[in-house]
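Trainee: Okay, so the sequence shown: first residue is 386 according to our numbering, each after it adds one. Yeah, the Cβ is synthetic: ideal placement off N, Cα and C, and Gly gets one too. Encoded as structure tokens, here's the structure I'll be asking about.
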Amino acid sequence: MWSYVLQRLLLMIPTLFGILLITFIVIQFVPGGPVEQMVAQLQGREGGIEGGGAPSAPAAPGAGGYRGRQGVDAKHVEEIKKLYGFDRPAHERFFKMVWQFARFDLGRSFFQNKDVWQLIKEKLPVSISLGLWTFLLIYLISVPLGIAKAVRAGTPFDTATTFIVLLGYAIPSFVLGVVLLVYFAGGTFVQWFPLRNIVSTNWDSLSLAGKIVDYFWHITLPVVAMVVGGFAVITILTKNSVLEEIRKQYVLTARAKGVDEHRVLWRHVFRNALIPIMTGFPAAFVGAFFTGSLLIETLFSLDGLGLLSYEAVIRRDYPVVFGSLFVFTIIGLLTHLIRDLSYVWVDPRVKYFD
């Protein structure tokens, strides 16, 4: 077993390297890099002021309109390139980055003047709050619901719950978020929940019970918006897996021998049906934490990892982009390894090693 785990861990190294290499190559062809971003900021700041502080005259008609200064001094541009390391060849910059990542040094943000690790740690509580509760609620509700649907397949309960979960799946999370804000967060109806942030400004002064209540008060609407659309896939997958197992010969044999129905369902059927259900764990886990909350974070003004990554891509803040990619990839690979090891725990017939 341990040799298999070691092999998988060693295989993560070329996987990480390949992902970073492909992303680095693609980024080389993306216009508007950090140097251009900084030059644009300098042009915007200096564009309305000419020598001596006097406003520059508007451009003549037909000259393309007012553009302020036509550019930044070449010396300044070279200084900016040197500051960001773009005075070096691309391959040197890539291998320097890889060496830093090998030492878990993610570098420093170009525009926020903070270490990338510090930025990730600052945004992590928001993403953990949204991702953890979303993940837990979806599985804690969907798996029992799917089992209940399988046991009652074809009944009005099955039909009604299928309609409800598919209706929730059809509603985008950000649309549901807007509806929740309008109805319950100070729109045209009631203001039962806050509009922004994950805790109140006076959170430090609250008692322990007050902090718990305040925390759940703030995350209720964003978590509901993320959870509702996630029930359908896991519920239907659970139902189909359980139905497939119920129809197998060993279940009919156990029932014929008089084994208690509850024991048949939970000791035999559920354990065998759990394997396909577990295949969705990594995607659901990683997605809930890192990829599914960007719109929700923006809508509810929550400063999390999704918003951090999006803003880093828009601003071409490459240390944050690559640092976030590095962390997300490691978490994804480790989660897949845990999933594969869980297969062995759930079903001893599954073997990855001798």
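Can you tell me where the alpha helix (DSSP H) holding VAL415 begins and where it ends?
Mentor: Numbered from 1 along the sequence shown, position 30 holds the residue referred to as residue 415. No alpha helix (DSSP H) holds VAL415; DSSP gives it neither H nor E.
Trainee: Among the residues of its own chain, which have a CB less than 8 Å from the CB of VAL415, if the five just before and after it don't count?
Mentor: Here the question's residue 415 lines up with position 30 in the sequence shown. Closer than 8 Å at Cβ, skipping near neighbours: ARG701.
Trainee: What residue ranges within the segment 584 to 625 form continuous beta strand (DSSP E) runs of no fewer than 3 residues, ordered along the chain?
Mentor: Segments of the beta strand (DSSP E) lying fully in the segment 584 to 625: there are none.
Trainee: Express the C-alpha separation of PHE480 and GLY492 in angstroms, rounding to a whole number.
Mentor: The residue labelled residue 492 in the question sits at position 107 within the sequence shown. The residue labelled residue 480 in the question sits at position 95 within the sequence shown. The alpha-carbon atoms of GLY492 and PHE480 are separated by roughly 13 Å.
Trainee: Whole angstroms are fine: how far does the CA of PHE559 sit from the CA of GLY689?
Mentor: Counting from one through the sequence shown, the residue named residue 689 turns up at place 304. Counting from one through the sequence shown, the residue named residue 559 turns up at place 174. Roughly 16 Å between the two C-alpha positions.
Trainee: Is the Cβ-Cβ distance between ALA475 and PHE409 less than 9 Å?
Mentor: Position 90 of the sequence shown holds residue 475. Position 24 of the sequence shown holds residue 409. Contact: yes.
Trainee: For LEU406, collect the residues of the same chain with a Cβ closer than 8 Å to its Cβ; drop the 5 residues on either side in sequence, then sort them by chain order.
Mentor: Looking up residue 406 in the sequence shown gives position 21. So the list reads PHE479, once near-sequence residues are dropped.
Trainee: Hey, how far is the Cα of SER388 from the Cα of GLY708?
Mentor: Position 3 of the sequence shown, counted from the first residue, corresponds to residue 388. Position 323 of the sequence shown, counted from the first residue, corresponds to residue 708. So the two alpha carbons sit approximately 29 Å from each other.
Trainee: Which ranges does the beta strand (DSSP E) cover as unbroken runs of at least 3 residues, wholly within the segment 506 to 586, from first to last along the chain?
Mentor: Segments of the beta strand (DSSP E) lying fully in the segment 506 to 586: there are none.
Trainee: What's the C-alpha gap between VAL501 and ILE681?
Mentor: For the purposes of this step, residue 501 is taken as residue 116 along the sequence shown, with counting starting at 1. For the purposes of this step, residue 681 is taken as residue 296 along the sequence shown, with counting starting at 1. Their Cα atoms are separated by approximately 23 Å.
Trainee: Are the CB atoms of SER512 and VAL705 nearer to each other than 9 Å?
Mentor: Counting from one through the sequence shown, the residue named residue 512 turns up at place 127. Counting from one through the sequence shown, the residue named residue 705 turns up at place 320. The answer is no: Cβ separation not under 9 Å.
Trainee: Grouping DSSP H, G and I as helix and E and B as strand, with all else coil, what is ASP500?
Mentor: Here residue 500 refers to the residue found at position 115 when the sequence shown is read from its first residue. Here ASP500 sits in strand by DSSP.
Trainee: From the DSSP secondary-structure annotation, give me the bridge partner or partners of VAL493.
Mentor: Taking the first residue of the sequence shown as 1, we reach residue 493 at position 108. Looking at the sequence itself, residue 493 is Arg, so the reference to Val does not match. DSSP lists ASP500 as partners of ARG493.
Trainee: CA-CA distance, ILE556 and LEU504?
Mentor: Mapped onto the sequence shown, residue 556 falls at position 171. Mapped onto the sequence shown, residue 504 falls at position 119. Their backbone Cα atoms lie some 32 Å apart in a straight line.
Trainee: Report the CB separation of ILE549 from VAL627 in whole angstroms; it is logged as a contact under 8 Å.
Mentor: Locating residue 549 in the sequence shown gives position 164, counting from the first residue. Locating residue 627 in the sequence shown gives position 242, counting from the first residue. Not really, about 19 Å apart at Cβ, beyond 8 Å.
Trainee: Is it right to say TYR703 is buried, meaning 16 or more other beta carbons lie within 10 angstroms of its own, or is it exposed?
Mentor: The residue given as residue 703 occupies position 318 in the sequence shown. Buried, since its Cβ has 16 or more Cβ neighbours within 10 Å.
Trainee: Over what stretch of residues does the alpha helix (DSSP H) that includes ARG652 continue unbroken?
Mentor: Your numbering for residue 652 matches position 267 in the sequence shown. Looking at the DSSP string, ARG652 is not in any alpha helix (DSSP H), and its letter there is neither H nor E.
Trainee: Does LYS460 pass the burial test, meaning 16 or more other C-beta atoms within 10 Å, or should it be called exposed?
Mentor: Within the sequence shown, the letter at position 75 stands for residue 460. Exposed is the call here.
Trainee: Please identify the residue among PRO419, THR586 and LEU517 whose C-alpha is closest to the C-alpha of MET611.
Mentor: Numbered from 1 along the sequence shown, position 226 holds the residue referred to as residue 611. Measuring from the Cα of MET611, the nearest candidate turns out to be LEU517.
Trainee: Quick one: measure Cβ to Cβ for GLU639 and VAL649, integer angstroms, because I've assumed they're closer than 8 Å.
Mentor: Along the sequence shown, read from residue 1 onward, the residue named residue 639 stands at position 254. Along the sequence shown, read from residue 1 onward, the residue named residue 649 stands at position 264. Reading the sequence as shown, one finds Ala at residue 639 and not Glu. Rounded, the Cβ-Cβ distance is 5 Å, consistent with contact.
Trainee: Please report the straight-line C-alpha distance between PRO661 and THR620, rounded to a whole angstrom.
Mentor: Here residue 661 is taken as the residue at index 276 of the sequence shown, counted from 1. Here residue 620 is taken as the residue at index 235 of the sequence shown, counted from 1. Looking at the two C-alpha atoms, the distance is approximately 12 Å.
Trainee: DSSP on VAL483, reduced to helix/strand/coil?
Mentor: By 1-based counting over the sequence shown, the position of residue 483 is 98. The answer is helix: DSSP assigns VAL483 an H, G or I state.
Trainee: Between LEU391 and THR519, what straight-line distance do the alpha-carbon atoms span, to the nearest angstrom?
Mentor: Against the sequence shown, residue 391 aligns to sequence position 6. Against the sequence shown, residue 519 aligns to sequence position 134. Roughly 32 Å separates the two Cα atoms.
Trainee: One question on the structure: do ASP725 and ARG393 come within less than 9 Å of each other, judged by their Cβ atoms?
Mentor: The residue labelled residue 725 in the question sits at position 340 within the sequence shown. The residue labelled residue 393 in the question sits at position 8 within the sequence shown. Yes, the Cβ-Cβ distance between ASP725 and ARG393 is below 9 Å.
Trainee: Would MET663 and TYR728 qualify as a contact pair, given that the criterion is a beta-carbon distance under 9 Å?
Mentor: Taking the first residue of the sequence shown as position 1, residue 663 is located at position 278. Taking the first residue of the sequence shown as position 1, residue 728 is located at position 343. Yes; because the gap between Cβ atoms is below 9 Å, this pair is in contact.
Trainee: Leaving out the 5 sequence neighbours to the left and right, which residues in its chain are closer than 7 Å to GLN576 when beta-carbon positions are compared?
Mentor: Residue mapping note: residue 576 aligns to position 191 of the sequence shown, counting from 1. Cβ within range, chain order: ALA570.
Trainee: How big is the Cα-Cα spacing for GLY418 and ASP490?
Mentor: Sequence index remark: in the sequence shown, residue 418 carries index 33 (1-based). Sequence index remark: in the sequence shown, residue 490 carries index 105 (1-based). For GLY418 and ASP490, the distance between alpha carbons rounds to 22 Å.
Trainee: Return the residue from the list VAL483, VAL584, MET386 and LYS624 that minimises the CA-CA distance to THR510.
Mentor: Residue mapping note: residue 510 aligns to position 125 of the sequence shown, counting from 1. The residue asked about is misnamed: residue 510 is Pro in this sequence, not Thr. Measuring from the Cα of PRO510, the nearest candidate turns out to be VAL584.
Trainee: Are the CB atoms of SER686 and LEU580 nearer to each other than 9 Å?
Mentor: Translated into the one-based positions of the sequence shown, residue 686 becomes position 301. Translated into the one-based positions of the sequence shown, residue 580 becomes position 195. Yes.
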